[in-house]
Amino acid sequence: MPTKSFKGKIASATVETIPLSTNNGSTGYRIKKLQVFPELPTSTSTEAMFKIFSVPQPDPSVTLPTADVDFSDNTLLAMAYYSASGSSENYPDDMTIVFDNMTFNQDIYLTMRNVQSGNNPLNYYIELEQVKLSLDENTVATLKDIRNIKEPL
334 MPTKSFKGKI ASATVETIPL STNNGSTGYR IKKLQVFPEL PTSTSTEAMF
384 KIFSVPQPDP SVTLPTADVD FSDNTLLAMA YYSASGSSEN YPDDMTIVFD
434 NMTFNQDIYL TMRNVQSGNN PLNYYIELEQ VKLSLDENTV ATLKDIRNIK
484 EPL
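Each number in the numbering used here corresponds to the 1-based position in the sequence shown with 333 added.
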């Protein structure tokens with residue numbers, strides 16, 4: 334299957350959109366690879382939480398992206414936790430989890446939040462596998478995304 338890759342840099346407390354939707358929705362995607370790396374890999378301490386969602390996320394000027402992770406959230410497609418310590422005595426625990434069995438055919442939404450104080454941006458690299466969806470799969474993927482969009486309060 335063909336793959337698409339995306340790379341970029343995201344600032345803390347922001348939401349970015351990767352446009353993937355098509356007119357007929359017959360092209361689906363699965364996340365195959367996710368990697369994150371800080372903009373400034375210096376000796377300073379860094380902790381950041383990067384997440385990918387299948388539905389729009391709240392405006393960061395109103396509600397900041399959270400650093401907590403909830404695997405029961407069926408809109409969460411992938412997450413990466415990056416940490417680096419200025420002390421050689423500390424060994425960071427970096428984690429990347431991709432729910433690669435989840436197929437989507439709409440835009441995806443990236444969020445990043447620095448866990449510690451600071452506003453260091455994070456670089457990301459995402460590889461998506463393209464899959465051809467049947468009419469039934471297309472309908473299910475689209476309806477799943479529509480059903481998961483929360484009404485604004």
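All residues carry an ideal CB built from backbone N, CA and C; glycine is no exception.
So residue i packs on residue j, CB below 8 Å; how close in whole Å?
{"i": "residue 428", "j": "residue 398", "result": "Contact doesn't hold; Cβ gap of about 17 Å is too wide."}
{"i": "residue 442", "j": "residue 350", "result": "6 Å"}
I'd like the list of long-range same chain contacts for residue i, defined as Cβ closer than 8 Å, with 5 residues on each side in sequence excluded.
{"i": "residue 342", "result": "372, 454, 455, 456, 457"}
{"i": "residue 365", "result": "336, 431, 433, 460, 461, 462"}
{"i": "residue 334", "result": "462, 463, 464"}
Between the beta-carbon of residue i and the beta-carbon of residue j, is there less than 8 Å?
{"i": "residue 435", "j": "residue 410", "result": "yes"}
{"i": "residue 369", "j": "residue 383", "result": "yes"}
{"i": "residue 381", "j": "residue 447", "result": "yes"}
{"i": "residue 388", "j": "residue 408", "result": "yes"}
Looking only at its chain, what residues have a beta carbon closer than 7 Å to the beta carbon of residue i, apart from the 5 residues adjacent to it on each side?
{"i": "residue 405", "result": "none"}
{"i": "residue 352", "result": "440"}
Which residues share a DSSP beta bridge with residue i?
{"i": "residue 464", "result": "361"}
{"i": "residue 413", "result": "383, 429"}
{"i": "residue 447", "result": "381"}
{"i": "residue 456", "result": "342, 370"}
{"i": "residue 437", "result": "362"}
{"i": "residue 349", "result": "443"}
{"i": "residue 336", "result": "462"}
Under 6 Å Cβ to Cβ from residue i, same chain only, skipping five residues before and after it: list those, please.
{"i": "residue 344", "result": "454"}
{"i": "residue 367", "result": "411, 413, 429, 431, 459"}
{"i": "residue 374", "result": "none"}
{"i": "residue 284", "result": "As displayed, the chain neither begins before 334 nor continues past 486, which places residue 284 out of reach and without an answer."}
{"i": "residue 400", "result": "382, 446, 448"}
{"i": "residue 385", "result": "410, 411, 441, 443"}
{"i": "residue 340", "result": "458"}
{"i": "residue 338", "result": "460"}
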